[in-house]
């Protein structure tokens, strides 16, 4: 019944429109059929609208920065994060300068040179100096960004370690994460999907001597100020380990091991005192209380950021960054592979 | 290169004979006339576009109000939205098919197919395409692929849902998600047909542009539209076969048990018998097409807007040679930047550096294009046709979206915003909006050439303003979602309290999306109404220079009733000093003492 009435409504709406169009058609014929040509009045109106809406857009971008700028991630909690953020800020500065110069010029020209009767456009086909100018200037700006960018990239990807990083495996499956700590030998035991059985969910090869002190957990604890080398594996489809607060991300590819290293610099306890984080938590909790949901306490979180199936949107693991003592105490409580398997 | 004319003294009689024999089927369905084939592409593309846009409205509704019940969802989605709540599987299917349809069916076939077919012979002065038969085949492969894609929406296990990039293993294993069952097989079959059609079309465009230009139409006198279509076709011919091979290998993995992309997979309680393949190989093959594909979509739109902006500013396009040069530079670079989609796949960091370098270089020719557009407007006498409005909209979105490319192309910055809404904002603005604005500009501009009637301008203005405002309203706020770390392709953000304060923005975006979607009805109504009842078009309604406006309003096979016009000048002699009118068509001989720019 609903469907039928919707169809009837749509058909009636179309018929009404057709009739309205007919009337305008007839009236246009009476006026000599000229009213569908672009008139001077149209040029004037649309040119002015271009300016108004165009500037409105530019101003609304400023408003968005003011109102939503605070939504951006808080200060980075990793050593390399501030390098990424520095480069990010410079890039944003450059593109915003270009945006706020070029867009207003575009809409101003659209308004200023709106067609008027009796005026003739200026025949201006090319100017090599001008074109050279706007080839060279972007090239210079990009040269800066490229050189700086490649610098940051190589320090991220090929870090020079003063101390040996702690090796931790992050293991992805539809739709959860598992961590495997390498234990006192700081070497992960061999693992493969062929060894998955029962409680051995990540497929550790128990025959490998290096595996005995490995620790498999469902929580990710990290010591502050220590470099951590993550090795990523996946057992089924591609996942992506996304640590937004640490400015880190790497895909987990079945059949291969990928890695990413970073050094956490702010503990969970400290970041909860960060004023941006506090404001964020307060804002979120106001919303949650209004909806009758639990109060949220800030935690670092690991997300899956590569489409992996139905529950992709809820594949997560909390990350706890703590002092080295707290970390060691926690790790000592965990059972090793030798004890569990 | 020499130009030759395909004159035949008996051609005209031959045409007339055929003209009377035409029935409905030979005229509208199995036609080999390039103008009709162009219209077939357009209408099919519009049909697919309606499906694609409606899908986005459905999933936007879900994103704004997750887990709430909407009877309309159950009406459209049936068992995939029990009690009016969309299932996560259906959400992923909708974003996948939305992406596939918009990228391939609307903005590749619908845009390039329509305007390359319509304009290449008309603007270079040819009777038709080099091969009318291949051209018809190209459309029919596209039509078949559209049918298969639409059919795939109705299979029991649901349509493909691994994202429009269909990365294996997710797309390869039916156990991984329901959408990787029969729906995925149909997706691959559809894409295979699509690629074949696209290749046939592209080859035809290249041959036609190179060999069938009329006398005097040197390459440097070609309108920029033709340059854009030509380079687009070259990109297509070089890159689509790679996607074809990627799709075939994926089909082998799915159906024949090969392991091109699969290795060491544990699923459903057992280890699957795949070994030695690499999922990253698929990504290399996919993006080797995927990145040129961005320009296959964008270049025709840029070509169309160059033509429309020059004509309606009543000025020559500024820096014609630089415009051609930047098209060629963008096309060349587009083949060596695909890795910027894969910075975090774990590929060798050195490769990441190379791809960062080449990617950021693309900003240079893009900047040249943007500045040349703006300079073309400078001291112009702008005629605000709806086509012109959309072209200016294109310049704006091209700049806005292009700028964020500087961030995403930088591997170090990409780490943190990769696969977030920042990327969604970037590519929708720079590629989606620019291309769709170019397509609208093309339809409004060449509608008189296609149907011999004019579209209603007031509806055109209303359509432009609603589309322009809502489009930015949808996509600009997404930058902020991305900077807050929100990943794309999330069915709902409710699983992470840290995103709870983004809910309002999602609601706002959805409002814009629904208004913008509904606003397209104005265009569709205007389009179909004007086909039958629009005022009759004059021969050259926009006072333009290019050759298509020298053909009669009534279509005929062979385009020109008499001889093919000879070309004496480039297409941009607008407001030339000394000339009486503010335009001089390309077939007007040089006046005595007049200097030819080209």
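Chains as they are written, first to last, in my numbering: chain F, 555 to 895; chain U, 1261 to 1858.
Using N, Cα and C, we set each Cβ at its ideal position, and we do this for glycine too.
Under the 8 Å Cβ criterion, the stretch 773-792 of chain F counts as touching the stretch 851-864 of chain F, having at least three qualifying pairs. Interface annotation, residue 1582(U): in contact with chain F, CB-CB separation under 7 Å. In this structure, residue 631(F) places its C-beta atom within 7 Å of the C-beta atom of residue 818(F).
Counting along the chain, residue 805(F) sits inside no alpha helix (DSSP H); it lies in the beta strand (DSSP E) bounded by residues 802-806. Of all C-beta pairs linking the stretch 1695-1709 of chain U to the stretch 1645-1656 of chain U, three or more are shorter than 8 Å, placing the two stretches in contact. Listed in chain order, the non-local C-beta contacts of residue 1379(U) below 6 Å within the same chain comprise 1485, local neighbours out to five positions each way being set aside.
Here the alpha carbon of residue 1344(U) sits roughly 15 Å from the alpha carbon of residue 1354(U). In the displayed model, residue 1721(U) falls within a helix according to three-state DSSP. Residues of chain U with a Cβ closer than 7 Å to the Cβ of residue 796(F) are, in chain order, 1747.
Collapsing the DSSP output to three states places residue 724(F) in a strand. Rounded to the nearest angstrom, the gap between the Cα atoms of residue 1500(U) and residue 1349(U) is 29 Å.
When the beta-carbon positions are compared, residue 1586(U) and residue 1539(U) stay at least 7 Å from each other.
Annotation for residue 1612(U): 1603 and 1671 place their beta carbon closer than 6 Å to its own, counting only its chain and skipping 5 residues before and after.
For residue 1729(U) and residue 1438(U), the gap between their C-alpha atoms comes out near 37 Å. For residue 1752(U), a Cβ of chain F is located within less than 7 Å of the residue's own Cβ.
When the Cα atoms are used, residue 1365(U) and residue 876(F) turn out to be separated by approximately 52 Å. Taking a C-beta distance under 7 Å as the contact criterion, residue 597(F) and residue 1606(U) do not qualify as a contact pair. A Cβ-Cβ distance of about 5 Å is found for the pair residue 1475(U) and residue 1826(U), placing them in contact under the 8 Å criterion.
Residue contact with chain U for residue 871(F): absent (no Cβ-Cβ distance below 7 Å to any residue of chain U). For residue 651(F), no Cβ of chain U is located within less than 7 Å of the residue's own Cβ. Proximity of chain U to residue 667(F) at the Cβ level (cut-off 8 Å) is accounted for by 1573, 1637, 1638, 1639, 1640, 1641 and 1642, in chain order. As a beta-bridge residue in DSSP terms, residue 818(F) pairs with 632(F). Spatial neighbours of residue 1597(U) in its own chain (CB-CB distance under 8 Å, excluding positions within 5 residues in sequence) are listed in chain order as 1551, 1615, 1618, 1619, 1622 and 1669. Within the stretch 1454-1530 of chain U, not a single complete beta strand (DSSP E) segment reaches 3 residues in length.
Under the three-state reduction of DSSP output, residue 1387(U) falls in the coil class, being neither helix nor strand. Here residue 1642(U) really is in contact with residue 664(F); their C-beta atoms are around 7 Å apart, less than 8 Å. With respect to the C-alpha of residue 831(F), the residue from 852(F), 820(F) and 814(F) having the closest C-alpha is 852(F). Secondary structure in the stretch 1690-1772 of chain U: the alpha helix (DSSP H) runs of 4 residues or longer, each lying completely within the stretch, are 1694-1711 and 1717-1743 in chain order. Nearest C-alpha to residue 1488(U) among 1591(U), 1387(U) and 1391(U): 1591(U). Cβ atoms of residue 1406(U) and residue 1464(U) stay farther apart than 8 Å, at about 19 Å.
A buried status is given to residue 758(F), since no fewer than 16 other beta-carbon atoms sit within 10 Å of its beta-carbon.
Considering only 1725(U), 1321(U) and 1383(U), the residue with the shortest C-alpha distance to residue 601(F) is 1725(U). For the pair residue 1594(U) and residue 1654(U), the CB atoms are not nearer than the 7 Å cut-off. In this structure, DSSP gives residue 1435(U) a state outside helix and strand, which the three-state scheme calls coil. In chain F, no part has a C-beta under 8 Å from the C-beta of residue 1477(U); the shortest such distance is about 19 Å. In the pairwise beta carbon analysis, the stretch 764-780 of chain F is classified as touching the stretch 724-737 of chain F: at least three pairs are separated by under 8 Å.
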